[in-house]
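What follows is a set of notes on a single structure, which appears directly below.
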Amino acid sequence: MKNCRFCHNKSVELLYPASGQKTSVSPAEFACTNCGFGVHGPIVRCLKCKIIYVDADIKQSQISTYYEVAKDPEYFREQPARNKTFNRYLRKLEETCQERGKLLDIGTNTGLFVKLAQDAGWKAMGIEPNKWAVEYAKKNYNVDIINKPFEKNTFPKNSFDVVTMWDVIEHFTDPVEELSKVYGILKPGGVFAFTTVDPESQLAHLMGGKWSWYMEMHRVFFSRESAKLYLEKAGFKNIIFKPHFRFLSAGYLTTRLVAINTNLSAVSHKLITLCGLGKLMVPYYANDLYDCYAVK
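Once you know that position 261 of the sequence shown is 264 in my numbering, the rest is easy, because the numbers rise by one and skip nothing.
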């Protein structure tokens, strides 16, 4: 057995071999809405700390260069549905926090969550490596986003009351290090909130190596058990996991069905379009994602 990249114990097993399909290392594979579902390198799991990750060498600096230039017009078109989703995130966050203080949204993409938080009275800011998304934020929401990756010493210690990562943490090659960085910039009593995919969900087990969230842009997968372990190691307490809900447009949802069957996706997308229902907002319960809140 190999040593775990994170807990360093010699306890890593091969969970799923490489998909057999050609994996790419191009910016297109790192666009948030790309459909490279089930295309991945070897997936391994540590028997001790339970963390699951892609056993392939790629540096975070290299991934960051892909995110800097990847264009994702589909993400831009889905802003109305994300508006409803982010407003839900904001309400849940405000149930956890005593007051609307200083907030940092890491991997904020178009800055929509930052805009909504600012409008709600938060002192919100965001950081995002993708230059196209940052330009979109400025043009459409009049929000200035820090255009760079989230790196050590980017922000002073004890700077924020809240740090958020919505669908971001699975994109890091070393999310354990990211937890420590987040802990450092939070004020005592501050809240870290994130959403991520759940590799131990029923759907993930059912689909096995073809689970849709095993894809090139996702590098490490926290189950609730491994997330709790590493959050506590970083110093967090009062860790709470919640079911994940979001909104999607009906048109966008049909494109995601390609993970199940390409013909089903094409037929349903054509039908929804013909019926003029492409922009209809659909509430979606994601069995294989979860929300997490932790306190410094």
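The C-beta atom is built at its ideal place from N, Cα and C for all residues, glycine as well.
Item	Value
contact_flag[the segment 270–277, the segment 218–231] where n(CB pairs < 8 Å) is 3 or more	no
Residue range of the beta strand (DSSP E) that includes residue 147	Premise fails: residue 147 is in no beta strand (DSSP E) and is neither H nor E.
Same chain only: Cβ atoms within 6 Å of residue 105, ignoring 5 sequence neighbours per side	126, 163 and 164
Cα-Cα separation, residue 97 to residue 103	7 Å
Spatial neighbours of residue 99 in its chain, beta-carbon cut-off 6 Å, leaving aside the 5 residues before and after	194 and 296
Assigned secondary structure, residue 21 (DSSP; H/G/I helix, E/B strand, else coil)	coil
CB contact flag (residue 15, residue 58, <9 Å)	yes
Expected contact under 8 Å - CB spacing of residue 368 and residue 130 to nearest Å	No answer is possible for residue 368: it lies beyond the span of the chain, which begins at 4 and ends at 299.
Chain-order list of residues whose beta-carbon lies under 6 Å from that of residue 288 (same chain, five-residue window excluded)	248
Opening and closing residue of the alpha helix (DSSP H) in which residue 50 lies	From DSSP, residue 50 is part of no alpha helix (DSSP H); its letter is neither H nor E.
N-terminal and C-terminal residue of the beta strand (DSSP E) that residue 123 is part of	Segment: none, residue 123 is in no beta strand (DSSP E) and carries neither H nor E.
Inter-residue Cα distance where the pair is residue 211 and residue 19	8 Å
CB of residue 151 within 9 Å of CB of residue 239, strictly	no
Of the listed residues 107, 213 and 87, nearest to residue 23 (C-alpha basis)	213
Sequence-distant residues of its chain with Cβ nearer than 6 Å to residue 237 (five each side left out)	182, 183 and 186
Beta-carbon contacts of residue 155 that lie in its chain and below 7 Å, excluding the five residues immediately before and after	184
Under the three-state DSSP convention, the category residue 106 falls into	strand
Length of the line joining the Cα atoms of residue 136 and residue 78	9 Å
Exposure label - residue 278; buried when at least 16 CB within 10 Å	exposed
Continuous beta strand (DSSP E) stretch holding residue 196: start and end	189–200
Cβ contact (3+ pairs, closer than 8 Å) linking the segment 136–147 and the segment 188–204	no
As assigned by DSSP and simplified to three states, the class of residue 95	helix
Proximity test, residue 81 beta-carbon vs the ligand ADP heavy atom, cut-off 8 Å	Among the components of this structure there are no ligands whatsoever, and the ligand ADP is therefore not found.
Straight-line gap, residue 276 to residue 86 (C-alpha atoms, nearest Å)	22 Å
Inter-residue Cα distance where the pair is residue 174 and residue 284	27 Å
From 50, 45, 55 and 21, residue whose alpha carbon lies closest to that of residue 179	55
For residue 252, the first and last residue of its enclosing beta strand (DSSP E)	240–252
Length of the line joining the Cα atoms of residue 115 and residue 90	10 Å
The alpha helix (DSSP H) enclosing residue 233, as first and last residue numbers	227–237
Counted within 10 angstroms of its Cβ, other Cβ atoms place residue 94 as buried (16 or more) or exposed	exposed
Cα-Cα separation between residue 83 and residue 66, rounded to whole angstroms	28 Å
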